[in-house]
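Chains as they are written, first to last, in the numbering used here: chain F, 1 to 117; chain A, 118 to 596.
In this text, a Cβ means the ideal position worked out from N, Cα and C, and glycines have one as well.
Have a look at the structure below before the remarks.
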Amino acid sequence: MSWQVIEKDGQKIRVAVHRDKRGTWISHQGIVTLVANDSGRQKSKQAENIIEAPMTGKIVSIEVEPGEQVEEGVVLIIMEAMKMEYRLKAPIAGQVDKVQCEAGELVDLGKTLVSLK
Amino acid sequence: MKVLVANRGEIACRIFKSLRQEEMQSVAIYAPDETEAEHTLMADVAIALQGERPYLNGEQILSIAKENKVDAIHPGYGYLSENAEFAEQCLEAGITFIGPSAEAMRLLGNKAKARALAESQNIPVVPGAQACQSVEQAQELAQSLTYPLLLKAAAGGGGKGMRLVQDAKALPQGFAAAQHEALNAFGDDQVLLEQWIHPARHIEVQILSDGENVIALGERECSLQRRYQKIVEESPAPGANDELRQKLFDAAKTIVKAAAYKNAGTVEFLVGPNNDFYFLEVNTRLQVEHPVSEYCFGVDLVAWQLAIAQGAQIDFEPQSNGHAIEVRINAEAPYSGFLPQSGDVAHLDWPNHPFVRIDTGVREGNQISSHYDPMIAKMIAWGDTRTQAIARLKGALQQTTILGVETNQTFLLDVLEQEFFTQGQTFTTTIEEKSWERPQIDEDILAQIPTGQGVHTKSSGQQEQASPFTTLNGFRVGP
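Here it is, written out as structure tokens:
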């Protein structure tokens, strides 16, 4: 993290900047922007077959098994967070390659849950 | 008095502050992954818990309490705070449970019993709200109500499994779906059918009772919610006039007296478009948003809880002054369905303003993990007027820096600036009915910050579209 002082129209502005694997976080006057890394963005485009946890939460159930053929839109995993249920669906059609989570498990944002091939 | 705080995070820290000021001894308990958490470091003694979900392990907590010869246990909110069995076990062990009696908790904690108690005291309740076993039964009940109606899981809470039914034609299908959801979510397919109150405000009364004297420390409006959880709370309620306020105070005091309730508590109401109000429930504990009332009434509610537990009498007439507003700063993604976030709080910088209070249990470098609540802090501002309180809260939010984990800071600031908010037009569905767009840092400023993209050219609005949320469906129904 660093504070950077920049100038705009004669005004000196202090901005907080933090870089991590997701990108560059910038905070100014209560507004926070995350500028994603180039590399991060490309990865997410290529990785349509990887289903990651879109949030922090609990795995309620796993609806598919490795080897199973799934259509696009089929529910793969049911997660729960903030007392609400979410259905993670297959973004593409394919075969379930690996299931990398268990029912009842608490997972953090970004963890790989299922991969398709 | 020596008090064990059976909680963690900001509320444990909050209670330790009062214990220190009241010159009482304190004992903290902590989970294996919280050896250096803020609450662990604030007590005179900190004892390690073992096993899974340790803050819910009443047996273990009681044995620590006995070993350390504590006089009382403060449960905070959540965890064991509304567990009547635990309150009973404390009593049997000769330890004071800082809260109401197990009997009062059982009576008010059960929604059906609490509702019956309110009705017996002539306090209005939401029409309907009866368990239906079959579609036929639901259709019969629906005849005495006016569409749209609300279906919800009898065993539910937090908005899960709620479903709005627009007309009689949609009832059979809606009922079947609600039953299915209730069974999946709670293992119980009982469904309640009730009148949908819309637009509604959520207004609650803070009460304090020593068993004989019951006082109302004003009301709080907590209408602004997302996923049925409050994010902005204030007192006095912009949606209440003096007449309604008095009716709510009277109703709250009546129900609390009828339950022989002792300690601090909150009576929640739904207020409809014609100042019609309906009893919802009693929270038999300290509430997250209690600082709002503390600011307006100049009292320390935790200190009063401690005093009442030691037999003190309430000896003052509550006097309110000014306006206070609280926002909950959560690790969540407000522009992607408010999904909880986790990660390391790499940078944390709080402002220090007169009339702004920050209650937190998080320090810079701490991890926000999936094991606990995603709330990072509560920020509360007080002002002579509502306008002044809003300005102070905005100023403090603008000077807060939290980096490394996404939070709703920017969103809260956006809410405080909306016309509906400054005009007090706040209803339980306001947040979700509006479409929100992420405010961006000025392009001229962004352009001067080197990022991983080399030179930053365009704001990162497209991030949201590229995220996996497009394949995500929350079941989010009802109002």
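Would you give the residue range spanned by the alpha helix (DSSP H) that residue i belongs to?
i                     : result
residue 135 (chain A) : 126–138
residue 518 (chain A) : Residue 518 (chain A) -> not in any alpha helix (DSSP H); beta strand (DSSP E) instead, spanning 518–520.
residue 326 (chain A) : Taken as a continuous stretch (DSSP letters only), residue 326 (chain A) belongs to no alpha helix (DSSP H), being part of the beta strand (DSSP E) at 318–326.
residue 164 (chain A) : From DSSP, residue 164 (chain A) is part of no alpha helix (DSSP H) but of the beta strand (DSSP E) over 162–165.
residue 412 (chain A) : 407–414
residue 204 (chain A) : 201–209
residue 116 (chain F) : Unbroken run through residue 116 (chain F) is the beta strand (DSSP E), 112–116; no alpha helix (DSSP H).
residue 549 (chain A) : 547–550
residue 62 (chain F)  : No alpha helix (DSSP H) holds residue 62 (chain F); the beta strand (DSSP E) holding it covers 57–62.
residue 561 (chain A) : 560–563
Between residue i and chain F, is the shortest Cβ-Cβ distance under 8 Å, so that the two count as touching?
i                     : result
residue 237 (chain A) : no
residue 607 (chain A) : Because chain A is modelled from 118 through 596, residue 607 (chain A) falls outside the range shown and cannot be assessed.
residue 572 (chain A) : For residue 572 (chain A), the predicted model reports a pLDDT of 46, less than 50, meaning its position is unreliable and no value from the coordinates is stated.
residue 316 (chain A) : no
residue 149 (chain A) : no
residue 306 (chain A) : no
residue 470 (chain A) : no
residue 464 (chain A) : yes
residue 514 (chain A) : yes
residue 491 (chain A) : yes
residue 65 (chain A)  : This structure gives no information on residue 65 (chain A), because the portion of chain A shown stretches from 118 to 596.
residue 477 (chain A) : no
residue 488 (chain A) : yes
residue 390 (chain A) : no
On the DSSP letters alone, give me the boundaries of the beta strand (DSSP E) that residue i sits inside.
i                     : result
residue 21 (chain F)  : Here residue 21 (chain F) belongs to no beta strand (DSSP E), and DSSP marks it neither H nor E.
residue 222 (chain A) : No beta strand (DSSP E) holds residue 222 (chain A); the alpha helix (DSSP H) holding it covers 219–226.
residue 7 (chain F)   : 2–8
residue 426 (chain A) : Looking at the DSSP string, residue 426 (chain A) is not in any beta strand (DSSP E); the run it does join, the alpha helix (DSSP H), is 418–426.
residue 383 (chain A) : 380–388
residue 191 (chain A) : 189–191
residue 183 (chain A) : That residue, residue 183 (chain A), is in no beta strand (DSSP E); its alpha helix (DSSP H) goes 175–184.
residue 142 (chain A) : 142–147
residue 528 (chain A) : Taken as a continuous stretch (DSSP letters only), residue 528 (chain A) belongs to no beta strand (DSSP E), being part of the alpha helix (DSSP H) at 526–534.
residue 52 (chain F)  : 50–52
For residue i and chain A, any beta-carbon pair shorter than 8 Å?
i                     : result
residue 17 (chain F)  : yes
residue 26 (chain F)  : yes
residue 97 (chain F)  : no
residue 56 (chain F)  : yes
residue 112 (chain F) : no
residue 77 (chain F)  : no
residue 117 (chain F) : no
residue 30 (chain F)  : yes
residue 103 (chain F) : no
residue 71 (chain F)  : no
residue 67 (chain F)  : no
residue 85 (chain F)  : yes
residue 81 (chain F)  : yes
residue 151 (chain F) : Because chain F spans 1 through 117 in this model, residue 151 (chain F) falls outside it and cannot be assessed.
residue 4 (chain F)   : yes
residue 107 (chain F) : yes
residue 94 (chain F)  : no
Buried or exposed for residue i, please, with buried defined as at least 16 other CB atoms from any protein chain shown within 10 angstroms of its CB.
i                     : result
residue 366 (chain A) : buried
residue 568 (chain A) : buried
residue 8 (chain F)   : exposed
residue 482 (chain A) : exposed
residue 386 (chain A) : buried
residue 184 (chain A) : exposed
residue 152 (chain A) : exposed
residue 529 (chain A) : buried
residue 495 (chain A) : buried
residue 92 (chain F)  : exposed
residue 5 (chain F)   : exposed
residue 400 (chain A) : buried
residue 523 (chain A) : buried
residue 491 (chain A) : buried
Bridge partners for residue i per DSSP, in chain order?
i                     : result
residue 373 (chain A) : DSSP lists no partner for residue 373 (chain A).
residue 36 (chain F)  : F:23
residue 611 (chain A) : The requested residue 611 (chain A) is not part of the displayed model; chain A covers only 118 to 596.
residue 441 (chain A) : A:352, A:499
residue 62 (chain A)  : The shown model of chain A, from 118 to 596, leaves out residue 62 (chain A), and the question about it has no answer.
residue 400 (chain A) : A:383
residue 395 (chain A) : A:387
residue 12 (chain F)  : F:7
Mind checking if residue i is an interface residue toward chain C, Cβ cutoff 8 Å exclusive?
i                    : result
residue 12 (chain F) : Any reference to chain C falls outside this structure, whose protein chains are F and A.
Flag residue i as yes when its Cβ comes closer than 7 Å to any non-hydrogen atom of the ligand NAP, and as no otherwise.
i                     : result
residue 121 (chain A) : Inclusion of the ligand NAP in the displayed structure is not the case, the ligand content being empty and no account of it being possible.
task: Entirely within the segment 247–296 of chain A and at least 4 residues each: give me those alpha helix (DSSP H) ranges in chain order.
output: 252–259
Residue ranges of each beta strand (DSSP E) within the segment 443–512 of chain A, 3 or longer: 464–466, 473–477, 492–500
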